[in-house]
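Quick notes on the structure that follows.
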Amino acid sequence: MGSTKNSTLSSSSNVAGLIVDDDATLVDSLPIYVRELIAGGAAGAFAKTAVAPLERIKILFQTRTEGYRSLGVYGSLKKVQNHEGIQGLYKGNGASVLRIVPYAALHFMTYERYRSWLYDNCPSLGTGPVVDLIAGSASGGTAVLCTYPLDLARTKLAYQVVDTRSTFRSSMNCSNFSSSYSGIQDVFRRVYNEGGVRSLYRGVGPTLVGILPYAGLKFYIYEELKRRVPAEHQNSIVLRLSCGALAGLFGQTFTYPLDVVRRQMQVENLQNGGPRYRNTIEGLREIIRRQGWKQLFAGLSINYIKVVPSVAIGFTTYDLMKSWLNLTSQHKRQVISGG
Numbered sequence: 034m035g036s037t038k039n040s041t042l043s044s045s046s047n048v049a050g051l052i053v054d055d056d057a058t059l060v061d062s063l064p065i066y067v068r069e070l071i072a073g074g075a076a077g078a079f080a081k082t083a084v085a086p087l088e089r090i091k092i093l094f095q096t097r098t099e100g101y102r103s104l105g106v107y108g109s110l111k112k113v114q115n116h117e118g119i120q121g122l123y124k125g126n127g128a129s130v131l132r133i134v135p136y137a138a139l140h141f142m143t144y145e146r147y148r149s150w151l152y153d154n155c156p157s158l159g160t161g162p163v164v165d166l167i168a169g170s171a172s173g174g175t176a177v178l179c180t181y182p183l184d185l186a187r188t189k190l191a192y193q194v195v196d197t198r199s200t201f202r203s204s205m206n207c208s209n210f211s212s213s214y215s216g217i218q219d220v221f222r223r224v225y226n227e228g229g230v231r232s233l234y235r236g237v238g239p240t241l242v243g244i245l246p247y248a249g250l251k252f253y254i255y256e257e258l259k260r261r262v263p264a265e266h267q268n269s270i271v272l273r274l275s276c277g278a279l280a281g282l283f284g285q286t287f288t289y290p291l292d293v294v295r296r297q298m299q300v301e302n303l304q305n306g307g308p309r310y311r312n313t314i315e316g317l318r319e320i321i322r323r324q325g326w327k328q329l330f331a332g333l334s335i336n337y338i339k340v341v342p343s344v345a346i347g348f349t350t351y352d353l354m355k356s357w358l359n360l361t362s363q364h365k366r367q368v369i370s371g372g
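Counting along the sequence shown from 1, when you hit position 293 you're at 326 in my numbering, and nothing is skipped either side.
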């Protein structure tokens, strides 16, 4: 009887072992860059959805939407919910996630690829934070260029305010409703008809100017902080979240004014019927002259509230996904071998 029981337990263990081995074999059979894309995409989607309501309010602040300029974060969240329902808090999040999955996937994957290339071809840089700064900046620029039209669609959808409960339509300018978009495809079609492919990249200048230092600083600070964590706490999720939060906080502070210029350039045709800023420098100058320098930091407080959990969740999820996809050990071997 005892031998039968032991035999059954042994068989169960063997079956479980085979399942684990099969899963591991399936994961390991995927190319490294595919696993990096999966890890990055999952991290981006999870982090973006977690802070979608705050992202909606931030865009309303940045674009000086009528009826939201004097309200605080809580007041704005409550107003959007009262007028548009819970779904109003997530307006534009479909476009945001649709953009962030390929964006984050490309961002993290190209970061790893650029970093490996630098290890291979620029040994004088070593394996420290300088490599993270350069690789992070280059990967951020690559991801932006590949996914910018989706960011434009997200902003236009989040900017339009429609009272689905018919309680304050009379207080809004009717032009906002006549120009409302029905979805992502409608945004692409109408924007393309307005000015071709070039109009789909309206505001990409300040985006690139901002993302290069931001992405670089974000990876630089995160990796540098992780290096300072004692070995016995390297796997602590709380410490990873803390490192990610600080990385996003510092990186965003330095580059936030460029994000404001980008948002205003993206919605100019909705505000005035035509473009106003020809380039990033003119945008900065005109915002300061017409709206005051404080407008360059409009929504920064909510961005702090948003960036802290967003970047922290993103980096932590990516690290956890790397472990699950057996990427951590392979990246370490790449660093050691310079490959």
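Every residue gets a Cβ at the ideal spot worked out from N, C-alpha and C, and that includes glycine.
{"Check": "Contacting residues, own chain, Cβ-Cβ under 7 Å from residue 235 (five flanking each side not counted)", "Outcome": "185, 298 and 299"}
{"Check": "Own chain, CB closer than 6 Å to residue 332, minus 5 neighbours either side, in chain order", "Outcome": "91, 94 and 95"}
{"Check": "CA-to-CA distance, residue 310 to residue 76, given in whole angstroms", "Outcome": "34 Å"}
{"Check": "Endpoints, alpha helix (DSSP H) assigned at residue 266", "Outcome": "It is not in any alpha helix (DSSP H) - residue 266 carries neither H nor E in the DSSP assignment."}
{"Check": "Same chain, Cβ closer than 6 Å to residue 199, neighbours up to 5 away in sequence not counted", "Outcome": "Summary for residue 199: the model assigns pLDDT 47, below 50, so the residue's position carries little reliability; its value from the coordinates is reported in the next sentence. Result list for residue 199: empty, nothing under 6 Å."}
{"Check": "For residue 188, the three-state DSSP class (helix, strand or coil)", "Outcome": "helix"}
{"Check": "Residue burial classification, residue 140 (beta-carbon count within 10 angstroms, cutoff 16)", "Outcome": "buried"}
{"Check": "Alpha-carbon to alpha-carbon, residue 152 and residue 230", "Outcome": "37 Å"}
{"Check": "For residue 85 and residue 188, the rounded distance between their alpha carbons", "Outcome": "12 Å"}
{"Check": "Straight-line Cα distance separating residue 80 from residue 347", "Outcome": "5 Å"}
{"Check": "Rounded distance between the beta-carbons of residue 278 and residue 251, thought under 8 Å", "Outcome": "Not really, about 11 Å apart at Cβ, beyond 8 Å."}
{"Check": "Three-way DSSP call (helix, strand, coil) for residue 235 in this model", "Outcome": "coil"}
{"Check": "Among 124, 268 and 146, nearest to residue 215 - alpha-carbon criterion", "Outcome": "124"}
{"Check": "Inter-stretch contact (C-beta, 8 Å, three-pair minimum) for the region 252-265 and the region 322-336", "Outcome": "no"}
{"Check": "Residue 223 versus residue 191: straight-line alpha-carbon distance, rounded", "Outcome": "16 Å"}
{"Check": "Cutoff 6 Å; reference residue 266; Cβ partners in own chain excluding five residues on either side", "Outcome": "272"}
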